[in-house]
Structure formats: C-alpha cells, structure tokens
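Enquirer: Take the sequence shown: its letters are residues 61 to 441, numbered as in the working numbering.
Have a look at this one.
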Amino acid sequence: MTLRLLTAGESHGERLTVILDGVPAGLTVREDDLARDLTRRQGGHGRGGRMAIEHDAAHIVAGVRGGLTLGSPITLEIANRDWENWRQVMAVDAAAVKRKPITRVRPGHADLAGMLKYGADDARDVLERASARETAARVAAGGVAKLLLREFGMQVRSYTRSVGAIEAAVPTPISWDAVEASPVRAPDDAAGEAMVAAIDAAREGGDTLGGVFTVIADGVPPGLGSYRQWDTRLDGLLAQAIVSIPACKAVAIGDGVEGAGLPGSQVHDVPVYDNRRLRHETNRAGGLTGGVSNGEPLVVHGYMKPISTLLKPLATVDLKTREPARAHYERSDICVVPAAGVVGEAMVALVLAGVLLEKFGGDSMAELHRNVESYLQEIRK
Ligand code: EPS
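Below, the structure written as structure tokens:
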C-alpha cells in the first residue's frame, strides 16, 4: 500500500494520534489547513454534549519541516479535552484506575461483540476504541490527503442526502455554500428544516436517527484504480473505506442501488465527444467503470444506521447477572449524518490520494507532478 494510515487513542483517553505514511516530500501542510474540516466534523444539528467540550485541532509532531512534508511519516495529535474529566476512569496505571463495569450491553453497539472477542468484563474496554471519536483522527489525516489532491485539481465535498425518512431534493448544480450554511449540511433548505425537526422529535422521544450522506470528488482524472485484481478496484477500496466509518452499514456508488432495478438501456452512461473532449452524457456510474475512474465526478453514498445509544434504552441482557435489563446509557449524539459526511470526505480523499500515488509514484511532489502531467498530456492527445 502506497499511503498508509494508522490511528490510536481512546475516546476519553489523553489524545488521538495519527500516523500517515507515504506522503511525498514537498507538500505544504500547516496545522491551520487541517482546522476547518475538524471543526466541520464537530458540527451538525443532533450532536451531543461532548462537542461543547472539544475544540479539535491537529498538532503536527513529525514529518513536516519549515511548512513542507519531508517524505517521512506524518504524525498528528489531537488532544481530548474531556480527558481531564476521565483521568481516573481512563488511568493507565493499575493503582490509579477507577472501574465501574458496564455490563448492560447496548443493542446495535460494539459492546457485546467486543466483550466476547477480547474477553472483557467491562464494556468500557470496548466502547472507548469503538467510539466514533476516532473519526477525528481520520479527518485530520484526510486533511493532508485533500491538500495533496488539491495540487492536482481534485476537490472532495459532501452533503446530507437524508436524515431518517426526510430526503433532500438535490439541486443541479449543488450550492456548496448552502450546504455549509445548513445546520444539517443539507443541499435544500426545506429538507434541511424538516431534518432539524425530525432530529428534535427523535431527541424528545429518547430516540436516534440515521440517514445517508453523499461524497462527491471533482477533478478526478481517468485511470485511477484497476480491474487487475479484486483488491485494486477503486470502487471496492471506496466501499471498504466508507463502510469502515462507525454506524455506516451500506454504501452505493453513483446510482448503483436504483440501477439494480432498471434495464441496461436506462443505466449506462454514453460517451460523447464534446468539442473534441471526451465525456459521458450522464454519470449514473458515479465516475467508476471496471473499478477505474472514468473522468466523471466520483459519487459515493454512505448509509448510516441510527446511533445505538438511546436515551430511552432498549431491552438487553446484563452480562454480569445474566438477567434481562435495560441497556446502558451514557451521553451521546442523536444524529451524526452531517458529521459523517465530513468523515466520508476524508476517507474518499485518503483512498484517492492512495491510488494517485500508486499510479504515478514519486518521492517528491515535483516528481509526482511530472508523472501526472506526462500521463495527462498523453491521454489528451
Ligand atoms: C460516541 C459517543 C459520544 C460522541 C462521540 C462518539 O461521546 P461521549 O460519550 O464522550 O459523549 O460525542 O463522538 C465524539 C466524541 C466525536 O468526536 O465524534 C460513541 O459512543 O461512539
């Protein structure tokens, strides 16, 4: 793998740590460049109390000198402000740690599977790493990937397509300013208002909501990814990256879901020469054919289940007493679809940066630019 990401850190531990390996030398990266997406990820109507505590910022501790990447692994750190309130519960030291085991596992949460897997008798040992707090680390890394893609004219953005049963009417073209101004990152105001109301109603009812986010990558050159092997197909890589986002249960590329119910004549995108430039009349395939980018915008949808921590807890079992019980509750979010879109952008950016580097190589940005340019010149002939 050309670009590798490792993250570490518990939700209420001291900090999150990111190692991003494989970024060429000579890319301008400043902490400020990573700030905007970290803030965007914290927002969205439906977030819980934790986001009032955290002010996520990525501190660069390795891999950058004088504002430029060195080609060595980039290490970023994001402090957990809430850690101050969890020092005893999360203490590293055996003598200092305070335990109050959680055994009433939440349906739909990693609690049960994680406890069985790791032989834990306290769901705290599971939920701390299973927590979606880890996605802050991905967004910081994705920020670096976006800087790399920007050098080649690629831009990765997202919007909220639905919350619960409320679906946005997506305008063409999408007003990205309107998306960013919306409290739920919706592309149409009326749906945005209805989504806010639905989230409020869920909160009132002690419930939670899922939904769908859509990530669009513009400026992607044709030829990224490969049908050479199952694990080199770009659609497969994107699907894995999106479904790895906590609570994300399904993924679709372009009109993939709708297309399954239609005849081929209504699904496939017809290539045309437009002023001697090759393009497709439509983009139902979401920019991918044969697992290879085809020059159209990449369109990826992520489907999220509702958050599994409910204010009105569901029925469960207590693993300690083995009796029926009500599930554990602790502070949580009501709906995170708007934030998940930002995480989806980061995951798509990381995958795209990976396949770009795989195709074109290059230890320095100058070398990568030369390689990309010569390919683009060739295919434009
Ligand atoms: C999460 C539970 C909540 C969320 C958290 C994910 O945290 P807490 O238990 O501290 O209130 O806020 O998300 C984040 C902290 C974040 O940064 O996104 C969970 O159980 O997954």
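All residues carry an ideal CB built from backbone N, CA and C; glycine is no exception.
1) Report, in whole angstroms, the separation of the C-beta atoms of isoleucine 313 and glycine 346, which I expect to be a contact under 8 Å.
2) Starting from serine 434 and walking both ways along the alpha helix (DSSP H), at which residues does that stretch end?
3) Our contact map puts isoleucine 394 next to glycine 106 with C-beta atoms below 8 Å; I'd like the distance itself, whole angstroms only.
4) Which of the three DSSP states is assigned to lysine 214 in this structure?
5) Look up valine 223 in the DSSP assignment and say whether it is helix, strand or coil.
6) For leucine 128, which of helix, strand or coil comes out of DSSP?
7) Determine, using beta-carbon pairs with one atom in the stretch 69 to 86 and one in the stretch 129 to 140, whether at least three such pairs fall under 8 Å.
8) Thinking C-alpha only, which one of Tyr363, Gly350, Ser424 and Leu128 is nearest arginine 288?
9) Would you tell me roughly how many angstroms separate the C-alpha atoms of alanine 277 and leucine 379, rounded to the nearest one?
10) Please say whether alanine 250 and alanine 229 have beta carbons closer to each other than 9 Å?
11) What is the rounded straight-line gap between the Cα of threonine 67 and the Cα of valine 403?
12) Under DSSP, the alpha helix (DSSP H) around valine 317 begins and ends at which residues?
13) Out of curiosity, what's the CA-to-CA distance linking threonine 268 and glycine 285?
14) DSSP puts arginine 164 in a beta bridge; with which residues?
15) Cutting at 6 Å between CB atoms, please list the residues of its own chain near alanine 307, excluding the five before and the five after it.
16) Thinking C-beta only, is valine 311 closer than 9 Å to valine 360?
17) Taking the beta strand (DSSP E) that glycine 271 falls in, what are its first and last residues?
18) How should glutamate 70 be labelled, buried or exposed, when 16 other C-beta atoms within 10 angstroms of its C-beta is the threshold for buried?
19) The ligand EPS and aspartate 182: does any heavy atom of the ligand fall closer than 8 Å to the residue's C-beta?
Expert: Once the coordinates are examined:
1) 4 Å
2) 425 to 440
3) Yes, they are in contact, since the Cβ atoms of isoleucine 394 and glycine 106 sit about 4 Å apart, within 8 Å.
4) In the sequence on display, residue 214 carries methionine and not lysine. Coil at methionine 214, not helix or strand.
5) strand
6) strand
7) yes
8) Comparing C-alpha distances from arginine 288 to each of Tyr363, Gly350, Ser424 and Leu128 shows the shortest one belongs to Gly350.
9) Cα to Cα, the separation comes out at about 45 Å.
10) Taking 9 Å as the Cβ cut-off, alanine 229 and alanine 250 qualify as a contacting pair.
11) 14 Å
12) 316 to 319
13) Rounded to whole angstroms, threonine 268 to glycine 285 spans 37 Å at the Cα level.
14) Asp378
15) These residues qualify, in order along the chain: Met364 and Lys365.
16) yes
17) 271 to 278
18) In the assembly as shown, glutamate 70 is a buried residue. Its beta-carbon has 16 or more other beta-carbons within 10 Å.
19) no
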